[in-house]
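Chemist:
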Amino acid sequence: MKQKCLGRTGLMVTENSFGALPIQRISDSEAAGLLRYAYDRGVNFFDTARAYSDSEHKIGLGLADVRENIILATKTMARTREAALADLETSLANLKTDHVDIWQLHCIPELPDPNDPDSAYQALVEARRQGKTRFIGITAHRIDVAIAAAKSGLYDTVQFPLCYLASDKDLELIRVCREHNVGLIAMKGMSGGLISSPRAAYAFFTRYDNVVPIWGVQKQSELDDFLTAAEEGVTCTPELEAIMEQDRRELQGDFCRGCGYCMKTCPAGIPISDAARMTLMLGRAVWQRFTTPEWIEKMKTIENCLHCGLCRSHCPYELDTPRLLEENYAYFMQFCKEKGLI
Numbered sequence: 049m050k051q052k053c054l055g056r057t058g059l060m061v062t063e064n065s066f067g068a069l070p071i072q073r074i075s076d077s078e079a080a081g082l083l084r085y086a087y088d089r090g091v092n093f094f095d096t097a098r099a100y101s102d103s104e105h106k107i108g109l110g111l112a113d114v115r116e117n118i119i120l121a122t123k124t125m126a127r128t129r130e131a132a133l134a135d136l137e138t139s140l141a142n143l144k145t146d147h148v149d150i151w152q153l154h155c156i157p158e159l160p161d162p163n164d165p166d167s168a169y170q171a172l173v174e175a176r177r178q179g180k181t182r183f184i185g186i187t188a189h190r191i192d193v194a195i196a197a198a199k200s201g202l203y204d205t206v207q208f209p210l211c212y213l214a215s216d217k218d219l220e221l222i223r224v225c226r227e228h229n230v231g232l233i234a235m236k237g238m239s240g241g242l243i244s245s246p247r248a249a250y251a252f253f254t255r256y257d258n259v260v261p262i263w264g265v266q267k268q269s270e271l272d273d274f275l276t277a278a279e280e281g282v283t284c285t286p287e288l289e290a291i292m293e294q295d296r297r298e299l300q301g302d303f304c305r306g307c308g309y310c311m312k313t314c315p316a317g318i319p320i321s322d323a324a325r326m327t328l329m330l331g332r333a334v335w336q337r338f339t340t341p342e343w344i345e346k347m348k349t350i351e352n353c354l355h356c357g358l359c360r361s362h363c364p365y366e367l368d369t370p371r372l373l374e375e376n377y378a379y380f381m382q383f384c385k386e387k388g389l390i
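Numbering (our numbering), first residue to last: 49 to 390.
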């Protein structure tokens, strides 16, 4: 498999790399088997986070014995030096290693003050000094934060949602990272499941030699889609360009990307990251998956919305989440009625 260089880190990572958020949803043995399958197929870069429940633990189970052959990245959502360093110790124990290759501040709303001795940035610096990480970075969902980090000279890598649905403003980050020799890691390459063509998703990234997608997978078949595209040398053909253009037309404007950062804040227990884009999911996936009795009950939790605004305040895309929930609920209920399900 081809490799790409992560900016000034010099790390050569596989063009298809592994985003380990989804392996939270499968068993230890399934996750270990999937991780080892990815490694055996040539994948060498695995990205996880302290916030991904047992993802780090599963990587430790599946890959500890080949640690010297892989590149590991993890993250902390802590916002102070002390808490971040404590997170790192937990991460290292879970991953069964004495260091990670990249340690990142996770989903930061703004860059921490590098001169504040108690800031999370100082934790990154201290961990690097101690040899517990080789390089440091940030992940962000706000383009202004990502660009500021790339230009600051303080971070070796930036992780940001990128795919062929990205706006011109978001794509400007690619140029900025190249200009400042910052490694650019692309998350949400399938836009949280809204993109239906893995080949088109893969082809988009062949345009950029300085962008490395980390595909979030929980099934071998999902990973095989990208590995096969690489083996076949898929590029942006007119047919794939047409798929991209159609998706852009259908998904333009405000839509939930399914990042899930609002989920922990909802006092009503609404499954926001799916409910707020149900209209799209019914039209772009097998609709029967989302119209089961269980899903009908989940969608009905929208009736309990308190309009407290917490979801909106935690949305990195600044969406009017309560409005999206109401619109999607109305569409969903009408859809189910027409199908004779309610």
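For every residue, glycine included, the Cβ atom is placed at its ideal position computed from N, Cα and C. Because the structure is a prediction, the values reported are computed rather than measured.
(1) Compute the beta-carbon to beta-carbon distance between S239 and C211, rounded to the nearest angstrom, for a pair I have assumed lies under 8 Å.
(2) Ignoring anything shorter than 4 residues, give me the alpha helix (DSSP H) runs that lie fully in the stretch 55-100, in order along the chain.
(3) Tell me whether L354 is buried or exposed, calling it buried when 16 or more other Cβ atoms sit within 10 Å of its Cβ.
(4) So G331 is in the alpha helix (DSSP H); what residue range does that whole segment cover?
(5) Expressed to the nearest angstrom, what Euclidean distance is found between the alpha-carbon atoms of A80 and K106?
(6) Looking only at its chain, what residues have a beta carbon closer than 6 Å to the beta carbon of I291, apart from the 5 residues adjacent to it on each side?
(7) Skipping 5 residues on each side, what residues in its chain have a beta carbon closer than 7 Å to that of T283?
(8) Taking the alpha carbon of R89 as the reference point, which residue from D322, Y309, L275, K346 has its own alpha carbon closest?
(9) Which one or two residues does DSSP pair with S167 in a beta bridge?
(10) Can you give the Cα-Cα distance for T145 and G108, rounded to whole angstroms?
(11) Go ahead and label M60 buried or exposed: buried means 16 or more other beta carbons lie within 10 angstroms of its beta carbon, across all protein chains shown.
(12) Please report how far the alpha carbon of Q72 lies from the alpha carbon of F66, in whole angstroms.
(13) Report buried or exposed for C356, applying the criterion of at least 16 other Cβ atoms within 10 angstroms of its Cβ.
(14) Assign A316 to one of three DSSP states: helix, strand, or coil.
(15) Counting Cβ pairs closer than 8 Å, one from the stretch 374-381 and one from the stretch 306-315, do we hit at least three?
(16) Going by the CB atoms, is the gap between T62 and V91 shorter than 8 Å?
(17) Of all the alpha helix (DSSP H) runs that stay within the bounds of the stretch 176-209, which reach a length of 4 or more residues?
(18) Taking the straight line between their C-alpha atoms, what separation do you get for D135 and T124?
(19) Tell me the start and end of each unbroken alpha helix (DSSP H) in the stretch 207-265 that is at least 4 residues and wholly inside, in chain order.
Modeler: The structure says:
(1) 5 Å
(2) 76-88
(3) exposed
(4) 326-332
(5) 6 Å
(6) S245, A248
(7) A251, T254
(8) L275
(9) T128
(10) 8 Å
(11) exposed
(12) 13 Å
(13) exposed
(14) coil
(15) no
(16) yes
(17) 191-200
(18) 6 Å
(19) 216-227, 246-253
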